[in-house]
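Our numbering numbers the first residue of the sequence shown as 956 and each following residue consecutively.
Note sheet for the following structure.
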Amino acid sequence: MRTADALRKQIQDGRLAPGAKLPSARDLQAQYGIANSTAQNALRVLKEEGLVYSVQGRGVFVRQVSPRDQFLKRYNETLEEMTAQRRADEEAVWLSGKSDDEVAAELAAAEERFTKASTEFEAATAHRDAMRAVMEQRKRLSGTYTPEETAASAQRLRDRLNEGRRRH
């Protein structure tokens, strides 16, 4: 169900547009770390929901959304936007009990915290990426991969070889 949910979300938010080909069951298997039967079941669920259709020998494709479903999607998006605006309005009403100077001071403090947090996040991300690169380099030089990493690397190599054979 999680695989079907993930694919459904990609279809609903437009990452998988009408006419787009879905990954094969084998690709879903690799991508989500699931069994082939689980991948087949995820595709079956989406077919039963009318979100996708299959063409023998070609694959599974995203179905064109009906005008009714397009309307419902736009309606729900508008409803979500209105709900978000209402929350913002309620927050503004709550803040209105403060003076302009108090609100301006809180806003400045919030912006300062956001800027600081953003800078710290970027620095931490860069440091993490650098440390991952160092660890990967050390593993390559020493050959001390975990059994899981070795198996995953071997599987990626087998997948690339099989893909090459399929293309030929």
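Where a beta carbon is used, it is the ideal one built from N, C-alpha and C, also for glycine.
Which of the three DSSP states, helix, strand or coil, is assigned to arginine 969? It is worth fixing the name first, because residue 969 is glycine in this sequence and not arginine. In the structure shown, the three-state DSSP call for glycine 969 is coil.
Reduced DSSP category for lysine 1053 - H, G, I as helix; E, B as strand; rest coil: Reduced to three states, the DSSP call for lysine 1053 is coil.
Which residue comes first and which comes last in the alpha helix (DSSP H) that contains serine 1009? Run containing serine 1009: none in the alpha helix (DSSP H); it sits in the beta strand (DSSP E), 1007-1010.
Alpha carbon to alpha carbon, how far is valine 1058 from glutamine 995? Give it in angstroms, no decimals. Using only the alpha carbons, I get a separation of about 55 Å.
Which residue's Cα is closest to the Cα of valine 1015: Ala997, Leu1027, Ser1021? The option with the nearest alpha carbon to valine 1015 is Ala997.
Cα-Cα separation, proline 973 to valine 1017: Those two C-alpha atoms are separated by around 5 Å.
Distance between alanine 961 and arginine 1087 (C-alpha atoms, nearest Å): Taking C-alpha positions only, arginine 1087 is separated from alanine 961 by approximately 28 Å.
Please report how far the alpha carbon of asparagine 1117 lies from the alpha carbon of lysine 964, in whole angstroms. Using only the alpha carbons, I get a separation of about 30 Å.
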